[in-house]
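Okay, structure first, notes after.
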Amino acid sequence: MEKMEAAEKATCRSVDNFNPLITTIFQAGVVVGPTLLSRIRRVEDFFIQASSAEYYMFFSFLCRMLFMFSIGLETDIPYLKRNIRVVSIVAGGGIILSSICAAPLLWLLIKVFTVTKSRFPFYLLIFTVLANSASPVVIRMIAESKFDNADLGRLAIYSSLISEMSCVAFVATLTACSSTIRLVGAIIATLVTVLLIFLNNYLPFVFNKRNRHNRFLTNSELFLIIFILLAISLLVESAGYTAITCCFLAGLMFPREGKTCRTLLHKLTYAVNTFVLPVYFGYTGFQFNISKIFNKLTLILTVLIILLSAGTKIVATLAACYYLKIPRNESLILSFLLNMKGNYDLIIINSPPVPKMLWENDIHDLFLSVVVLKTLILAPVVAIWLNRGEFCAHYPTTLEILNPESELRMMACAYIPRHVSGYLSLISALSGCPNATLNPYVAHLVELRKKKKSKLMYHQLEDGDQYSDEEEYGGNDVVQITNALDSFISETKIPVHEAKIVSSFLTINQDVCNGAVDLRVSIIFLPFHKHQRVDGKMENSMEGIRTINQKVIRHAPCSVGIFLDRGQTGFQQPHGSLSVQNIATFFFGGPDDREALACSKRILMHSQVSLTVFRFIQANSSIQNSWISDASHKDEEVVMAISSIGTENEMDNVFVDSFYNRYVAQGKASLIEKYVSDGAETLVALREILDNMYSLVIVGKGGRENSSLTIGMSDWEECPELGLVGDLLASSEMNFSGSLLVIQQHRHSEEDEAFITP
Numbered sequence: 001m002e003k004m005e006a007a008e009k010a011t012c013r014s015v016d017n018f019n020p021l022i023t024t025i026f027q028a029g030v031v032v033g034p035t036l037l038s039r040i041r042r043v044e045d046f047f048i049q050a051s052s053a054e055y056y057m058f059f060s061f062l063c064r065m066l067f068m069f070s071i072g073l074e075t076d077i078p079y080l081k082r083n084i085r086v087v088s089i090v091a092g093g094g095i096i097l098s099s100i101c102a103a104p105l106l107w108l109l110i111k112v113f114t115v116t117k118s119r120f121p122f123y124l125l126i127f128t129v130l131a132n133s134a135s136p137v138v139i140r141m142i143a144e145s146k147f148d149n150a151d152l153g154r155l156a157i158y159s160s161l162i163s164e165m166s167c168v169a170f171v172a173t174l175t176a177c178s179s180t181i182r183l184v185g186a187i188i189a190t191l192v193t194v195l196l197i198f199l200n201n202y203l204p205f206v207f208n209k210r211n212r213h214n215r216f217l218t219n220s221e222l223f224l225i226i227f228i229l230l231a232i233s234l235l236v237e238s239a240g241y242t243a244i245t246c247c248f249l250a251g252l253m254f255p256r257e258g259k260t261c262r263t264l265l266h267k268l269t270y271a272v273n274t275f276v277l278p279v280y281f282g283y284t285g286f287q288f289n290i291s292k293i294f295n296k297l298t299l300i301l302t303v304l305i306i307l308l309s310a311g312t313k314i315v316a317t318l319a320a321c322y323y324l325k326i327p328r329n330e331s332l333i334l335s336f337l338l339n340m341k342g343n344y345d346l347i348i349i350n351s352p353p354v355p356k357m358l359w360e361n362d363i364h365d366l367f368l369s370v371v372v373l374k375t376l377i378l379a380p381v382v383a384i385w386l387n388r389g390e391f392c393a394h395y396p397t398t399l400e401i402l403n404p405e406s407e408l409r410m411m412a413c414a415y416i417p418r419h420v421s422g423y424l425s426l427i428s429a430l431s432g433c434p435n436a437t438l439n440p441y442v443a444h445l446v447e448l449r450k451k452k453k454s455k456l457m458y459h460q461l462e463d464g465d466q467y468s469d470e471e472e473y474g475g476n477d478v479v480q481i482t483n484a485l486d487s488f489i490s491e492t493k494i495p496v497h498e499a500k501i502v503s504s505f506l507t508i509n510q511d512v513c514n515g516a517v518d519l520r521v522s523i524i525f526l527p528f529h530k531h532q533r534v535d536g537k538m539e540n541s542m543e544g545i546r547t548i549n550q551k552v553i554r555h556a557p558c559s560v561g562i563f564l565d566r567g568q569t570g571f572q573q574p575h576g577s578l579s580v581q582n583i584a585t586f587f588f589g590g591p592d593d594r595e596a597l598a599c600s601k602r603i604l605m606h607s608q609v610s611l612t613v614f615r616f617i618q619a620n621s622s623i624q625n626s627w628i629s630d631a632s633h634k635d636e637e638v639v640m641a642i643s644s645i646g647t648e649n650e651m652d653n654v655f656v657d658s659f660y661n662r663y664v665a666q667g668k669a670s671l672i673e674k675y676v677s678d679g680a681e682t683l684v685a686l687r688e689i690l691d692n693m694y695s696l697v698i699v700g701k702g703g704r705e706n707s708s709l710t711i712g713m714s715d716w717e718e719c720p721e722l723g724l725v726g727d728l729l730a731s732s733e734m735n736f737s738g739s740l741l742v743i744q745q746h747r748h749s750e751e752d753e754a755f756i757t758p
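Its first residue numbered 1, the sequence shown is counted upward by one per residue in UniProt numbering.
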């Protein structure tokens with residue numbers, strides 16, 4: 001419990017000063033619009049001109065097209081596949097109940113507005129306003145709260161996406177069935193969408209092969225992709241259907257490998273988040289005119305629809321979450337998030353699903369007021385709720401408490417391309433379990449040096465050089481690391497997220513820890529500061545790496561592993577390999593060794609890996625017992641230490657017994673017990689084990705404190721960050737040619753909490 005509370009405080013650092021930007025943007029649009037400033041004649045003449053309506057509608061279409069394509073690109077497809085049932089139930093509950101509640105509301109509004117024609121499109125409008133969840137608004141709010149990597153955050157994002165896409169499909173299907181012309185338009189929209197998906201799968205294949213030495217596409221290649229997307233989206237819109245599904249599916253089906261996807265994400269993410277979405281949301285608020293609801297009847301109807309819409313979503317979401325056994329507090333925040341409005345519902349309000357039809361002004365103003373006011377009211381409530389921090393705990397922070405078949409989020413830090421090859425082998429092994437999901441991040445750590453000033457203007461730069469200054473850092477290493485990741489992803493189909501941290505070596509450890517918190521990883525992998533030469537001797541690569549490793553180990557918000565890769569003689573990538581790799585895990589006892597064994601559980605599930613666990617046990621337990629008897633009457637602190645040792649013994653036994661029953665008894669791994677008395681016998685046993693040519697050895701850093709199994713082994717300790725056994729295995733004297741992974745389990749301290757900064 002103490003670890004969970006500490007991790008929660010650390011993670012919530014990013015939302016302590018959360019500002020509901022969505023609300024601010026909406027309010028800015030409301031202030032500029034007819035509600036306030038546009039009442040002034042000069043302001044009105046500037047913003048509301050004769051041709052401004054068509055201009056605003058087209059610009060709104062461009063924004064909508066870009067951010068829906070961007071949302072499709074960033075969709076976590078593996079998560080969606082694993083949780084499609086849960087997401088569909090949460091989204092479907094609100095849609096079904098909204099479709100039922102829309103019927104009595106339709107009857108009421110028909111009586112109020114005396115609607116005699118187009119009642120079916122009117123029902124579709126009411127249904128959309130009640131059922132739709134604006135996925136861009138939900139995604140933006142969750143992303144700003146650093147909540148997008150949490151399970152609840154991802155559930156809210158994809159539930160809103162399913163809800164919105166379902167509303168689009170429902171309205172489009174019913175509209176297509178209403179007449180032959182609409183059916184033909186639906187077929188045309190479907191065919192051009194399929195064409196767009198085909199082109200988006202073919203063009204990246206061609207572009208990725210061109211200019212292999214470049215990390216990004218050229219501007220002309222990028223423009224061609226956006227132009228095709230724009231042209232086909234206009235065809236879909238001209239057929240009488242919205243293009244948001246077309247753009248979303250194009251992004252969803254876009255190939256994730258290579259520089260084409262990387263360039264689109266690099267270009268679109270910044271543009272969409274800093275320009276497109278704010279302008280789009282601002283335009284939504286700009287359309288709202290508060291004077292339209294001063295009418296008593298309109299005000300009553302607005303309040304009624306807002307309450308009905310919110311109540312329907314809340315009741316349906318709570319019922320679905322109760323069925324799925326989601327905790328009540330998470331269910332409640334999820335229901336409020338799914339109440340966000342402001343995307344497809346606005347399209348139906350401004351462009352009815354019937355050609356050449358416009359809503360009456362009273363109906364248009366009523367539903368526009370409902371959408372804007374509901375978002376303005378609920379967005380601050382959700383922001384305050386998220387700011388409380390009870391939903392954003394960085395959990396789990398250790399592998400020991402993580403189910404081996406659940407998702408593992410990890411971050412591997414590399415300074416040079418040589419570090420990446422070893423990490424890719426490790427990622428390949430960790431992804432061997434068919435029922436588990438690995439979410440790996442490879443972070444390229446680059447030292448921030450003094451910037452070189454260029455006298456060239458933007459238009460004088462060569463094509464492809466107009467990216468941010470940050471891309472200059474890392475030199476050729478960036479291209480080599482990117483190419484290695486692209487090749488690995490193409491061969492293994494394992495998605496690996498690439499990141500780059502540019503900072504001074506004095507503070508880069510703090511950026512690593514902050515990144516681990518934001519990404520909610522359970523373990524950080526760091527490279528050892530030495531590498532093996534051709535003659536087998538160990539040589540320092542970068543002395544600064546050792547200092548950074550020590551700082552990260554001391555302040556990390558999760559478990560840490562130091563990986564020593566010995567290249568060709570070490571651990572190789574299991575995917576595609578015909579030979580089985582032998583891996584050994586040394587278990588002396590203690591939290592670090594349990595963490596090492598938990599990591600081994602993940603690796604042994606790979607079909608090309610054979611794991612042997614060596615458990616070192618005290619040969620003569622009477623030595624320890626006599627020490628306990630003599631010391632127990634001397635000092636109360638010693639008694640407490642003995643009690644702690646007894647607890648650790650019980651935890652070790654339970655953990656090893658569980659491992660034996662689940663893996664060893666089923667023939668998936670081997671367990672060998674080694675009885676030794678002191679450090680000398682332990683050293684002899686280690687030499688005997690290492691003669692069997694293991695390609696990888698996994699060991700905990702600390703083992704058990706004050707253990708007689710390692711007495712005397714600290715006499716030649718050179719690298720304390722590896723622990724006694726790890727330091728011994730990393731030395732040249734052991735004549736061990738395999739790779740080494742030393743793991744330290746996360747331990748919370750108040751110093752860690754102060755170290756992690758916003």
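We treat Cβ as the ideally placed atom computed from N, Cα and C, and that holds for glycine.
Do you know how far the Cα of residue j is from the Cα of residue i?
i	j	result
A379	N83	26 Å
N350	Q744	58 Å
L729	R520	31 Å
I71	L252	8 Å
R662	C599	15 Å
W385	K500	32 Å
L366	T302	6 Å
Y79	R85	11 Å
P136	V552	36 Å
N289	S369	8 Å
H529	A414	11 Å
S163	P574	40 Å
V697	P417	22 Å
Let me confirm a value: residue i is counted as buried when at least 16 other C-beta atoms fall within 10 Å, else exposed. Which label applies?
i	result
Y202	exposed
G667	exposed
R615	buried
D45	exposed
D691	exposed
D565	buried
I126	buried
V654	exposed
Can you give the beta carbon distance from residue i to residue j, rounded, assuming they're within the 8 Å contact cut?
i	j	result
E721	R594	The Cβ separation is near 19 Å, so there is no contact.
S559	T397	7 Å
C63	T312	Rounded, the Cβ-Cβ distance is 29 Å, inconsistent with contact.
A669	M340	Not confirmed; about 48 Å, so no contact.
I603	A429	5 Å
For a test of the three-state rule: what should DSSP assign to residue i, helix, strand or coil?
i	result
M713	helix
H700	According to the sequence as given, residue 700 is Gly; it is not His. Looking at G700 - three-state DSSP - the assignment turns out to be strand.
L36	coil
H575	coil
Y123	helix
E733	helix
E539	strand
F243	It should be noted that the sequence gives Ala, not Phe, for residue 243. Here A243 sits in coil by DSSP.
I617	strand
residue 759	Here the chain comprises residues numbered 1 to 758, so residue 759 is not present and cannot be evaluated.
A584	strand
K551	helix
E650	helix
S233	helix
What does DSSP give as the partner residue(s) for residue i in the beta ladder?
i	result
V442	A412, E498
P527	F563
L740	L564, V697
V676	Q618
Q532	M538
V609	Q581
Taking 7 Å as the cut-off, is the CB of residue i close to at least one heavy atom of the ligand MN?
i	result
L438	Although the ligand MN was asked about, the structure shown includes no ligands whatsoever.
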